[in-house]
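For reference, the structure discussed in these notes is given below.
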């Protein structure tokens with residue numbers, strides 16, 4: 006049976022109740038704060054609707070607000086492939102202990118992609134007869 | 048050809064040389080043996096790590112061979128894979144690098160290699176004149192990074208200063224935040240220097256900052272505006288405007304030099320444009336975001352392992368935001384007050 010879980014390619018850690026999520030392949034980092042942290046901490050799970058209902062029931066006076074928040078952050082996490090649907094076979098899934106929140110704090114997912122541009126750098130260069138690049142003055146790049 | 052084959056054929060070039068020059072270092076109590084194929088290469092790489100040199104001869108925990116085509120009888124072959132195999136970080140996703148590692152940026156005529164099992168590394172450059180200027184300011188950084196995979200240690204992109212051996216701080220933040228300036232200003236004000244770019248963090252109880260490199264670097268503009276009295280001490284007076292201004296901090300401030308200090312906190316400086324300087328506790332995740340992306344960008348191998356260690360280190364210590372004043376004296380006073388209030392140090 007497939008379950009929703011944090012993409013195993015994402016390195017994640019909880020700091021003082023906030024999530025840092027790192028796609029180490031692409032160099033894109035995310036921070037997640039607010040109710041979304043508690044939602045992720047309940048993973049893996051099969052039934053997204055059931056989990057949403059349980060979380061919404063914690064805040065009986067703000068149900069529609071909470072539901073919209075969960076729906077929005079869920080959509081973003083799926084779009085960024087931070088949450089995926091996958092069959093778990095004999096896999097040890099890391100769990101994160103986040104306390105049930107006593108008040109509703111809207112989720113916020115922030116994305117940091119500064120390092121991405123640097124992955125693409127590949128200056129044109131000449132090579133010598135052995136294939137080694139020839140170092141010219143204008144090819145000496147400042148270390149980033 | 049496999050990476051193992053390439054490593055072994057490269058190593059054989061050195062093993063057949065008879066007159067290698069040895070330099071022994073001590074990093075966190077572990078002996079490093081570096082074997083240079085020429086005195087010129089030794090002279091190029093020594094300045095940043097000279098403070099680690101030791102005359103003690105113990106069993107080496109890692110051996111690094113350093114050579115170029117002029118000083119080794121046979122030239123090292125260029126890595127045999129298509130140049131598109133390696134990305135801008137010098138990392139090859141498609142090569143299995145569990146036991147052997149390679150770092151190669153196809154536009155720079157240098158390559159680094161490592162055998163994890165034997166703890167033997169190779170640094171090769173086509174000629175001594177082609178060593179990138181930045182490589183000499185953090186000698187063998189990628190090799191030390193590979194070595195730390197199997198140690199309770201992690202290289203981190205951060206500066207570090209200390210009040211004394213028991214009270215050290217990492218100083219980190221995004222580019223332009225003021226971390227180098229903060230670090231070097233504190234040194235000018237009598238605090239101990241452990242690094243301004245990369246440090247070695249030895250995990251333990253307590254975690255310890257080890258001064259890995261004694262060089263400091265500043266943008267030329269920053270030097271001339273904020274540290275003009277340092278100009279006579281430039282190590283690269285002819286090229287600093289094209290590169291960065293490079294200094295030997297141990298030589299400039301021998302009384303302010305510290306080889307290691309216990310980690311007591313992480314400071315995140317930020318230029319506020321205000322007169323008031325303020326240090327206050329902040330979220331630990333901000334330190335992770337300040338350290339991990341650039342560290343893992345510069346050192347792309349075994350990123351999961353590194354991310355986990357950086358997370359552990361950050362979790363175990365407090366993070367403090369530092370809103371920097373436009374006034375240097377205010378910043379110095381605020382740091383002093385912070386040490387007194389938070390750590391009872393006068």
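Residue numbers (the numbering used here), protein chains in the order written: chain L, 6 to 149; chain G, 48 to 393.
Note that CB positions come from ideal geometry on N, CA and C, so glycine has one too.
What separation, rounded to the nearest whole angstrom, lies between the Cα atoms of residue i and residue j?
i                     : j                     : result
residue 18 (chain L)  : residue 63 (chain G)  : 48 Å
residue 87 (chain L)  : residue 41 (chain L)  : 12 Å
residue 52 (chain L)  : residue 107 (chain G) : 55 Å
residue 388 (chain G) : residue 334 (chain G) : 21 Å
residue 194 (chain G) : residue 232 (chain G) : 32 Å
residue 123 (chain G) : residue 57 (chain G)  : 6 Å
residue 75 (chain L)  : residue 48 (chain L)  : 14 Å
residue 257 (chain G) : residue 348 (chain G) : 21 Å
residue 362 (chain G) : residue 85 (chain G)  : 44 Å
residue 264 (chain G) : residue 300 (chain G) : 15 Å
residue 273 (chain G) : residue 295 (chain G) : 17 Å
residue 253 (chain G) : residue 246 (chain G) : 16 Å
residue 25 (chain L)  : residue 176 (chain G) : 42 Å
residue 169 (chain G) : residue 207 (chain G) : 29 Å
residue 106 (chain L) : residue 66 (chain L)  : 15 Å
residue 83 (chain L)  : residue 6 (chain L)   : 19 Å
residue 93 (chain G)  : residue 152 (chain G) : 23 Å
residue 10 (chain L)  : residue 196 (chain G) : 28 Å
residue 238 (chain G) : residue 210 (chain G) : 6 Å
residue 227 (chain G) : residue 81 (chain G)  : 29 Å
residue 357 (chain G) : residue 134 (chain L) : 43 Å
residue 162 (chain G) : residue 149 (chain G) : 9 Å
residue 15 (chain L)  : residue 380 (chain G) : 42 Å
If you measure from the beta carbon of residue i to each beta carbon in chain G, is any gap under 8 Å?
i                     : result
residue 79 (chain L)  : no
residue 20 (chain L)  : yes
residue 26 (chain L)  : no
residue 40 (chain L)  : no
residue 102 (chain L) : no
residue 138 (chain L) : yes
residue 74 (chain L)  : no
Contact criterion: CB-CB distance below 8 Å. Does residue i meet it with respect to chain L?
i                     : result
residue 156 (chain G) : yes
residue 284 (chain G) : no
residue 310 (chain G) : no
residue 362 (chain G) : yes
residue 51 (chain G)  : no
residue 335 (chain G) : yes
residue 348 (chain G) : no
residue 55 (chain G)  : no
residue 48 (chain G)  : no
residue 331 (chain G) : yes
residue 90 (chain G)  : no
residue 279 (chain G) : no
residue 358 (chain G) : yes
What is the C-beta distance between residue i and residue j, in whole angstroms, given that I count them as a contact (C-beta under 8 Å)?
i                     : j                     : result
residue 342 (chain G) : residue 204 (chain G) : 4 Å
residue 38 (chain L)  : residue 99 (chain L)  : Not quite, the Cβ-Cβ distance comes to about 20 Å (not below 8 Å), so this is no contact.
residue 104 (chain G) : residue 71 (chain G)  : 7 Å
residue 144 (chain G) : residue 50 (chain G)  : 7 Å
residue 365 (chain G) : residue 312 (chain G) : 5 Å
residue 61 (chain G)  : residue 119 (chain G) : 7 Å
residue 75 (chain G)  : residue 249 (chain G) : 5 Å
residue 111 (chain L) : residue 154 (chain G) : Not a contact, Cβ separation roughly 46 Å.
Near residue i, which residues of its chain fall below 6 Å by C-beta distance, leaving aside the five closest residues on each side in sequence?
i                     : result
residue 229 (chain G) : 218 and 316
residue 178 (chain G) : 91 and 172
residue 134 (chain G) : none
residue 318 (chain G) : 225 and 371
residue 369 (chain G) : 314, 316 and 326
residue 89 (chain L)  : 12
residue 71 (chain L)  : 61, 64 and 109
residue 142 (chain G) : 50
residue 283 (chain G) : 293
residue 77 (chain G)  : 108
residue 167 (chain G) : 110
Heavy atom of the ligand FMN less than 7 Å from the Cβ of residue i, yes or no?
i                    : result
residue 48 (chain G) : This structure simply doesn't include the ligand FMN, nor any ligand for that matter.
By Cβ distance, which residues of its chain are closer than 8 Å to residue i, with the 5 residues on each side in sequence left out?
i                     : result
residue 117 (chain L) : 33, 34, 35 and 36
residue 322 (chain G) : 372, 373, 374 and 377
residue 52 (chain G)  : none
residue 23 (chain L)  : 36, 37, 38 and 42
Please work out which residues of its chain come closer than 7 Å, Cβ to Cβ, to residue i, disregarding the five sequence neighbours upstream and downstream, and give them in chain order.
i                     : result
residue 66 (chain G)  : none
residue 384 (chain G) : none
residue 337 (chain G) : 219, 220, 221 and 315
residue 185 (chain G) : 95, 244, 245 and 260
* To do: Please name the residues in the segment 29 to 59 of chain L whose beta-carbon is closer than 7 Å to at least one beta-carbon of chain G, in chain order.
  => For the segment 29 to 59 of chain L, the set of residues with a beta-carbon nearer than 7 Å to any beta-carbon of chain G comprises 29, 32, 34 and 36, in chain order.
* When you check each C-beta in the segment 262 to 273 of chain G against every C-beta of chain L, which residues fall closer than 7 Å? -> Going along the segment 262 to 273 of chain G in chain order, one finds no residue with a Cβ nearer than 7 Å to chain L.
* At a Cβ cut of 9 Å, what residues of the segment 299 to 329 of chain G count as close to chain L, listed as they run along the chain? -> Residues of the segment 299 to 329 of chain G that bring their beta carbon within less than 9 Å of a beta carbon in chain L are absent altogether.
* Members of the segment 192 to 205 of chain G that neighbour chain L once the beta carbon cut-off is set at 8 Å -> Listed in sequence order: no entries.
* Please list the residues of the segment 117 to 136 of chain G that have a C-beta atom closer than 8 Å to any C-beta atom in chain L, keeping them in chain order. => Here the close residues are 122, 124, 125, 134, 135 and 136.
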